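**Student:** In the numbering used here, the protein residues as written are 4 to 328.
Ideal Cβ positions, reconstructed from N, Cα and C, are used throughout, including at glycine.
Bear in mind that the values here come from a model prediction, so they are computed numbers and not experimental data.
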């Protein structure tokens, strides 16, 4: 559990005593009654402190209708623990707090942290908002998260999905993940078309259902990005029971590393981390591939396979007899 500090210092791992319990009374109506902090005003306040940091990919969503829609896609958040990555000026944070959520916000920009601390002082004092300074890709997340709702910097989109996966295996999966991302990334994440197939979407589909929701044009941000954005919604699903999902992931990554090659060529060598899987080693891999030499799938390229086809192939791979190896 994280300390329920107003701001988690960058040097801290944010772990320790759980501290006082979060408020149990409803806050949604109370916060709404106090008047809403306008998104444009929040961005203006932050930009008065410093110009946008281009290295952090800061494009702040200011369209209230889109902010409200993103939060509503997560469902009823009253009293639920929500993780927000990269709150920046707090435009989405404001809507999350209005929903009655208990928000853990991780922000890497020290100036933005100062702005959030001043702007949301009452929410921090009431422990409706736990503000943590650090990198969401390396900082510890709360053990229990009901939802992840974020407008994430485009450059960390793919790594963040990886961190989300690791959190699921170590703790538990959030019930819903709502992310505003670059549209091209959204298409790859959700496998929108066969042309979008890649290791990201295939591996994500092993444990999550994913859909694309509303499009968000550049003019809804300050400053506007050069591309269209899209809201994605992910929900956890059961993992394959008939084959180790880790074997599928490693096989998929190895194949897409040389995506223009046929599987017969790209999978000649075992995946780099194969030995981490119980019972697997280079000799077993080579024996299994040799045993499947006549398998028609090996004459396909990785983007030709659906998620189910990858599961079937890896099931056959794992079923090869391993005696005397």
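#1: Give me the Cα-Cα distance between residue 224 and residue 302, rounded to the nearest whole angstrom.
#2: Within the chosen definition, does the stretch 204-222 reach the stretch 263-281 through at least 3 CB pairs nearer than 8 Å?
#3: Considering residue 2, what are the terminal residues of the alpha helix (DSSP H) in which it resides?
#4: Any idea which residues DSSP pairs residue 55 with across the strands?
#5: Which residue comes first and which comes last in the alpha helix (DSSP H) that contains residue 185?
#6: Quick check on the DSSP output: what are the complete alpha helix (DSSP H) runs of length 4 or more inside the stretch 100-157, in order along the chain?
#7: Which residue spans inside the stretch 193-246 form an unbroken beta strand (DSSP E) run of at least 3?
#8: Can you tell me whether residue 140 is buried or exposed, with buried defined as 16 or more other CB within 10 angstroms of its CB?
#9: Look at the alpha carbon of residue 86 and the alpha carbon of residue 185, and state the distance between them as a whole number of angstroms.
#10: Spell out whether any CB of chain B is found under 9 Å from the CB atom of residue 245.
#11: Consult DSSP for residue 88 and reduce its assignment to one of helix, strand or coil.
#12: What's the C-alpha gap between residue 117 and residue 42?
#13: Any contact of the stretch 177-191 with the stretch 147-155, i.e. 3+ C-beta pairs under 8 Å?
#14: Taking only three categories from DSSP, how would you classify residue 64?
#15: For residue 124, which of 315, 102, 97, 72 has the nearest alpha-carbon?
#16: Per DSSP, what kind of secondary structure is residue 69 in: helix, strand or coil?
#17: Taking 9 Å as the cut-off, decide whether the C-beta atoms of residue 284 and residue 274 are in contact.
#18: Cutting at 7 Å between CB atoms, please list the residues of its own chain near residue 318, excluding the five before and the five after it.
#19: Thinking C-beta only, is residue 200 closer than 9 Å to residue 308?
#20: Under the rule that 16 or more other beta-carbon atoms within 10 Å means buried, what is residue 196, buried or exposed?
#21: List the whole-angstrom C-beta distance separating residue 175 from residue 259, where the pair is believed to meet the contact cut-off of C-beta under 8 Å.
#22: Could you give the first and the last residue of the continuous alpha helix (DSSP H) run that contains residue 315?
#23: What's the gap between the Cα of residue 158 and the Cα of residue 321?
#24: Could you check which residue in 252, 282, 293 has the C-alpha nearest to that of residue 268?
#25: Along the chain, where does the alpha helix (DSSP H) containing residue 292 start, and where does it finish?
#26: Please classify residue 24: does DSSP put it in a helix, a strand, or coil?
**Tutor:** Considering the structure as presented:
#1: 45 Å
#2: no
#3: With the chain covering only 4 through 328, there is no way to say anything about residue 2.
#4: Looking at the DSSP assignment, residue 55 forms no beta bridge with any residue, so it has no partner.
#5: No alpha helix (DSSP H) holds residue 185; the beta strand (DSSP E) holding it covers 179-185.
#6: 113-122, 124-128
#7: 211-219, 232-239
#8: exposed
#9: 20 Å
#10: Absent from the structure: chain B. Only one protein chain is present.
#11: Three-state result, residue 88: strand.
#12: 17 Å
#13: yes
#14: strand
#15: 97
#16: helix
#17: no
#18: 245, 246
#19: yes
#20: exposed
#21: About 28 Å separates the two Cβ atoms, so there is no contact after all.
#22: 310-322
#23: 36 Å
#24: 293
#25: 285-294
#26: Confidence at residue 24 is low in this model, with a pLDDT of 41, below 50, so the placement of that residue is unreliable and no value is reported for it.
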